[in-house]
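Numbering (the UniProt record's numbering), first residue to last: 1 to 177. We put the beta carbon where it would ideally sit given N, CA and C, even for glycine. These figures come from a predicted structure and were not determined experimentally. One structure is given below, encoded as structure tokens.
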């Protein structure tokens, strides 16, 4: 290798450029993940506005639907919210007859949260709305590309949880397939 300056060889600048490119691509990918997440939220907000429900309310209803009978504390943990915040959210959802709270059979101090039968109307339009979102956001991508993206994001999610000292989540913390 040819000496080109204080201890640097010809291959070191190209290695540095390679490292710089690697960092740039990773930083750009991370930014794009954030940007796509924000765009999904905006798309979702627009779809939900027609049904007079906010993203936060929908998120709460989805967690209640996926975890019927969960306590307010369990839902707060799942949604990464404080107990007071989730309590106010559940109050609003209960007023709209989208959820109901029932006393625990073994401990009358505990109230368990269930989807209300009237919430079925919210879930009725979701398959078509989800299909439209998938068609729009995955346009131009084949099934193999979507599967590869899914696997890469699952790996990133696992790595992030480990880096934050969190145990791997159970199935209630998000879809895995």
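Between the CA atoms of residue j and residue i - distance to the nearest angstrom
i           : j           : result
residue 179 : residue 100 : Absent from the structure is residue 179, since the part of the chain shown begins at 1 and ends at 177.
residue 128 : residue 147 : 21 Å
residue 51  : residue 94  : 16 Å
residue 152 : residue 145 : 10 Å
residue 135 : residue 108 : 47 Å
residue 142 : residue 37  : 20 Å
residue 73  : residue 62  : 16 Å
residue 20  : residue 76  : 41 Å
residue 138 : residue 106 : 47 Å
Beta-carbon separation (whole angstroms), residue i vs residue j, contact threshold 8 Å
i           : j           : result
residue 179 : residue 89  : Residue 179 cannot be examined here, being either before or after the span of the chain that is shown, 1 to 177.
residue 118 : residue 111 : Residue 118 to residue 111, Cβ: 19 Å. No contact.
residue 42  : residue 48  : Not a contact, Cβ separation roughly 11 Å.
Sequence-distant residues of the same chain with beta carbon closer than 7 Å to residue i, five excluded per side
i           : result
residue 17  : none
residue 170 : Confidence is the limiting factor: at residue 170 the pLDDT is only 49, short of 50, which leaves the residue's position unreliable, though a coordinate-based value still follows. Same-chain partners within the cutoff: there are none.
Sequence-distant residues of the same chain with beta carbon closer than 8 Å to residue i, five excluded per side
i           : result
residue 114 : 64, 68, 69, 99, 100, 101 and 102
residue 71  : 104, 110, 111, 112 and 113
Span of the alpha helix (DSSP H) around residue i
i           : result
residue 127 : 126 to 137
residue 89  : 83 to 95
residue 155 : 143 to 163
Beta-ladder partner(s) of residue i, from DSSP
i           : result
residue 113 : 70 and 101
Close Cβ partners of residue i (< 6 Å) along its chain, the five nearest in sequence each way excluded
i           : result
residue 176 : Low local confidence applies: a pLDDT of 46 at residue 176 is under 50, so the model's placement there is unreliable, and no value is given.
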